[in-house]
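What follows is a set of notes on a single structure, which appears directly below.
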Amino acid sequence: MTDRGATPETILSLVAVQGENFDARNLATAAHRVAKMSRGRNRDVQRDRRVMALADACRRRIREFGAQALANTAWAFATARIEAPELFAAIAGTASSRLGDFNPQALANTAWAFGKARIEAPQLFAAIAGAALSRLGEFSPQELANTAWALATARIEAPRLFAAIAGAASSLLGEFNPQDLANTAWAFATAGIEVPELFAAIAGTASRRIGEFKPQELANTAWAFATARIEAPELFAAIIGTASSRLGEFNPQDLANTAWAFGKARIEAPQLFAAIAGAASSRLGEFSPQNLANTAWAFATARIEAPRLFAAIAGAASSLLGEFNPQGLANTVWAFAMAGIEVPELFAAIAGTASRRIGEFKPQELANTGWAFATARIEAPQLFAAIAGSASSRLGEFNPQDLAITAWAFAAASIEARELFAAIAVAASSRLGEFSPQDVASTAWAFAVASIEAPELFDAIALAARSRLGEFNPQELANTAWAFACVDWKKDPEVFTELAYLAVADLGALDDRGLSQLHLASLHFRLEWPDRSSPLSNHQEMLQVAYQRRDPRPSQLQRDVATALDRIGWVHVFEHVTEEGLSLDMAQPDTKRAVEVDGPHHYLKRSRVENGSTRFKSRLLRRLGWDVAHVSFFEWEALDTEQEQDSYLRGCRLQIILHQLQ
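For the sequence shown, counting from 1, position 77 maps to 100 in my numbering; every step adds exactly one.
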């Protein structure tokens with residue numbers, strides 16, 4: 024077994040013939056040497072049945088193994104990536120009661136092996152953590168790094184040990200090699216342990232030695248600092264400088280992780296992203312589903328225009344969607360929507376896959392998937408129905424942002440989902456103090472657009488928002504003011520006054536949409552409280568001009584109805600605009616009678632429920648004294664002949680016209 028000319032083949036052959044006669048030391052040595060000499064050729068070893076015979080021989084005699092032999096055997100099978108759960112279970116059972124015999128290297132290697140092999144052994148890890156805690160002063164840099172890496176990989180909560188490792192490592196960082204630095208940062212980030220002083224020290228050390236880092240170490244270090252949300256501009260700049268010229272050495276996961284890290288950390292690195300796009304585009308066939316999703320997410324988050332890369336990702340992802348996990352599906356569709364890339368085939372495929380697996384989606388994944396389809400304007404009724412069904416019973420798990428995004432998505436997609444909105448109203452009302460200004464504004468806007476009556480929610484929003492209006496940006500102020508006006512909320516005019524005062528201070532930051540919202544909110548205020556002045560009054564002309572610029576062009580449906588009204592003798596003005604800037608499809612200004620043609624965009628999709636905007640405008644017109652009849656597209660399209668159309672217009676549904684013609 025000590026023959027220097029031995030190879031994995033000769034060792035395994037010897038085990039096959041004489042393995043039954045090997046003692047514990049020989050078995051452990053055989054496993055260790057096979058693993059060490061097979062690095063880079065693991066697949067050959069994994070396919071060799073003699074390896075499992077070696078594992079079985081080790082398992083049968085495991086109680087004879089000493090501390091070093093136990094550690095070496097675990098290390099060997101983990102390094103060679105051999106699945107041997109029964110052997111690892113035997114090692115765990117034997118080692119747990121004998122850790123006092125393990126030296127620091129054996130403790131670290133055993134922990135590393137179980138982490139690497141993804142073996143669940145919480146009792147063993149707890150025992151290792153206890154044994155290591157009292158001896159960390161004896162651990163080398165590599166042993167500190169490997170122990171932290173193992174515990175983080177195994178998702179073991181050991182805050183005392185991590186704190187001790189942080190303290191021990193901080194004074195030894197100059198002795199850490201690049202892999203140890205990267206693994207330590209990665210471990211603390213993965214475990215969610217906040218140690219800013221350690222990260223700052225690692226950043227300084229790594230920045231000075233960045234040229235020594237291998238691609239995986241560069242990627243993992245960037246990933247760790249991004250995940251831990253540690254600002255380290257000098258480190259990220261150093262990584263950019265080193266990585267950009269070496270991307271040809273990066274494997275797909277390194278490319279994806281590097282892109283993800285810079286996207287997550289909001290680091291502007293257009294040249295690095297361009298280089299990653301070039302390196303990734305030709306190798307996407309090697310990318311795993313997670314790599315594809317992370318790359319797309321990173322480029323979208325960083326707002327990098329890379330249409331060729333996105334097109335290639337769409338092609339690669341389409342054939343692998345069955346292998347994507349829910350987070351990968353949600354991140355991919357979010358990325359394409361965020362980047363404004365139109366790929367209806369990919370969205371359709373994701374909709375089908377996600378609908379079938381919706382029960383596996385976490386709250387954020389449900390919310391982001393809905394947001395993506397709404398933003399991309401992709402109709403996916405089955406998917407939205409699945410999201411509504413899954414979300415309604417799980418809203419207690421949703422954080423404030425998830426609640427707001429879900430409401431926004433269904434409203435923006437014009438989906439009727441009254442039960443879901445009712446559940447969101449209950450879930451949100453008691454938690455509005457946790458909502459960001461954007462979440463508050465989005466929730467109010469969503470309920471208004473979706474025509475949901477939720478007076479208690481709006482009362483709660485008013486109370487929560489008033490103390491924080493100074494934190495709202497101009498568009499959030501406009502959204503909130505419009506929403507309260509749209510739902511006819513009028514408990515307290517001071518809410519509108521305060522919103523208006525803040526909005527007026529920064530009108531220049533609003534586009535026509537925001538100005539139009541303020542115009543309608545101002546009109547609502549004037550009609551409800553005519554004896555009160557609004558800060559928006561002095562800007563009414565500007566607001567009205569912006570509102571009128573957004574009026575859509577007349578549709579063919581409107582023209583057809585106008586022609587029919589001409590036929591039956593109802594004289595009217597086509598596309599009349601009131602003094603307040605509200606447009607009417609057909610009107611008699613002198614008598615204040617009008618006909619509005621309600622096309623599909625006036626209703627929630629696949630329903631006959633008017634959306635909030637349509638109801639709001641109708642209410643304003645009534646308050647202004649207009650008598651308005653409505654012609655719905657679904658009724659009009661059911662009329663086949665001019666005679667049927669004329670009869671319809673003379674019918675009882677249009678008493679205004681009937682009165683005029685009598």
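Glycine is no exception: its CB is placed at the ideal position from the N, C-alpha and C atoms.
Less than 7 Å between C-beta atoms, sequence neighbours within five positions excluded: which residues of the same chain meet that for I151?
Within the sequence shown, the letter at position 128 stands for residue 151. Taken in chain order, the residues that qualify are L122, L130, T133, A134.
Quick one: what's got a C-beta closer than 8 Å to A302's C-beta in the same chain, skipping five residues either side?
Indexing the sequence shown from 1 puts residue 302 at position 279. Counting only Cβ-Cβ distances below 8 Å, and skipping sequence neighbours, we find L270, G271, F273, L278.
Report the rounded CA-to-CA distance for A467 versus S630, giving the unit in angstroms.
Locating residue 467 in the sequence shown gives position 444, where the first residue counts as 1. Locating residue 630 in the sequence shown gives position 607, where the first residue counts as 1. Whole-angstrom Cα-Cα distance: 22 Å.
Between A360 and T398, which are expected to be in contact by the criterion C-beta below 8 Å, what is the C-beta distance as a whole number of angstroms?
In the sequence shown, counting from the first residue as 1, residue 360 sits at position 337. In the sequence shown, counting from the first residue as 1, residue 398 sits at position 375. Sure, about 4 Å apart at Cβ, within 8 Å.
Suppose you measure from the CA of R576 to the CA of Q294; what does that come to, to the nearest Å?
Counting from 1 along the sequence shown, the entry for residue 576 is found at position 553. Counting from 1 along the sequence shown, the entry for residue 294 is found at position 271. The straight-line gap from Cα to Cα measures roughly 43 Å.
Using the rule of at least 16 other Cβ atoms within 10 Å of the residue's Cβ for burial, across every protein chain shown, is T503 buried or exposed?
Along the sequence shown, read from residue 1 onward, the residue named residue 503 stands at position 480. Its Cβ being crowded by 16 or more others within 10 Å, T503 is buried.
Determine the direct distance from the alpha carbon of G537 to that of Q666, and round the result to whole angstroms.
To locate residue 666, count along the sequence shown from 1; it is residue 643. To locate residue 537, count along the sequence shown from 1; it is residue 514. C-alpha separation (whole angstroms): 44 Å.
According to DSSP, is Q685 part of a helix, a strand, or is it coil?
The sequence position of residue 685 within the sequence shown is 662, counting from 1. Low local confidence applies: a pLDDT of 48 at Q685 is under 50, so the model's placement there is unreliable, and no value is given.
Bridge partners of S459, per DSSP?
Translated into positions along the sequence shown, residue 459 becomes position 436. Its beta-bridge partners do not exist; DSSP assigns none.
Residues near Q202 by beta carbon distance below 7 Å, same chain, minus five either side:
Within the sequence shown, the letter at position 179 stands for residue 202. Listed in chain order, the non-local C-beta contacts of Q202 below 7 Å within the same chain comprise E240, local neighbours out to five positions each way being set aside.
Report the start-end ranges of each beta strand (DSSP E) in the segment 607-672 that is 3 residues or longer and not cut off at the edges.
616-621, 650-655
Do you know offhand how far S342's Cα is from H625's?
Start at 1 with the first residue of the sequence shown, and residue 342 comes out as number 319. Start at 1 with the first residue of the sequence shown, and residue 625 comes out as number 602. Those two C-alpha atoms are separated by around 38 Å.
Any idea which residues DSSP pairs I438 with across the strands?
Sequence index remark: in the sequence shown, residue 438 carries index 415 (1-based). Paired residues: K628.
In the DSSP assignment, find the unbroken alpha helix (DSSP H) run with E217 in it and report its ends.
For the purposes of this step, residue 217 is identified with residue 194 of the sequence shown, where counting begins at 1. From DSSP, E217 is part of no alpha helix (DSSP H); its letter is neither H nor E.
Closest residue to R638 among A473, A464, G674 (Cα-Cα distance):
The sequence position of residue 638 within the sequence shown is 615, counting from 1. R638 has its Cα closest to that of A473, out of A473, A464, G674.
Reduced DSSP secondary structure (H/G/I, E/B, other) of F100
The residue labelled residue 100 in the question sits at position 77 within the sequence shown. Helix.
Give me, in chain order, the residues of the same chain whose beta-carbon lies closer than 7 Å to that of R380; leave out the 5 immediate sequence neighbours on both sides.
The residue given as residue 380 occupies position 357 in the sequence shown. The answer, listed in chain order, is P349.
H599 - DSSP class collapsed to helix/strand/coil:
Position 576 of the sequence shown, counted from the start, is the residue given in the question as residue 599. Strand.
Euclidean distance between Cα positions of A508 and A501
Taking the first residue of the sequence shown as 1, we reach residue 508 at position 485. Taking the first residue of the sequence shown as 1, we reach residue 501 at position 478. Approximately 11 Å, taken between the alpha carbons.
Tell me the residue span of the alpha helix (DSSP H) that contains N561.
The residue given as residue 561 occupies position 538 in the sequence shown. From DSSP, N561 is part of no alpha helix (DSSP H); its letter is neither H nor E.
I need the boundaries of the alpha helix (DSSP H) containing E479, first residue and last residue.
As a position in the sequence shown, residue 479 is number 456, starting the count at 1. Where E479 is concerned, the enclosing alpha helix (DSSP H) stretches over 478-489.
Tell me where the alpha helix (DSSP H) around N314 begins and ends.
Numbered from its first residue, the sequence shown carries residue 314 at position 291. Where N314 is concerned, the enclosing alpha helix (DSSP H) stretches over 312-324.
Under 8 Å between the Cβ atoms of L156 and R183?
Taking the sequence shown and counting its residues from 1, one reaches residue 156 at position 133. Taking the sequence shown and counting its residues from 1, one reaches residue 183 at position 160. Yes, the pair counts as a contact, with Cβ atoms nearer than the cut-off.
Would DSSP call V366 helix, strand or coil?
Numbered from 1 along the sequence shown, position 343 holds the residue referred to as residue 366. Of the three classes helix, strand and coil, the one that applies to V366 here is coil, per DSSP.
Pairwise C-alpha distance: E494 and N422:
One-based indexing of the sequence shown puts residue 422 at position 399. One-based indexing of the sequence shown puts residue 494 at position 471. About 20 Å.
Tell me which residue opens and which closes the alpha helix (DSSP H) that D535 is part of.
Position 512 of the sequence shown holds residue 535. First-last of the alpha helix (DSSP H) with D535: 535-551.
Check K514 in the structure and name its three-state DSSP category.
As a working note, residue 514 is residue 491 in the sequence shown. Three-state result, K514: coil.
Any idea if Q540 is buried or exposed, counting beta-carbon neighbours within 10 angstroms, 16 or more meaning buried?
Reading the sequence shown from its first residue, position 517 is the one you call residue 540. Buried is the call here.
Looking only at its chain, what residues have a beta carbon closer than 6 Å to the beta carbon of L418, apart from the 5 residues adjacent to it on each side?
On the sequence shown, residue 418 is found 395 positions in, with the first residue counted as 1. Cβ within range, chain order: A446, A450.
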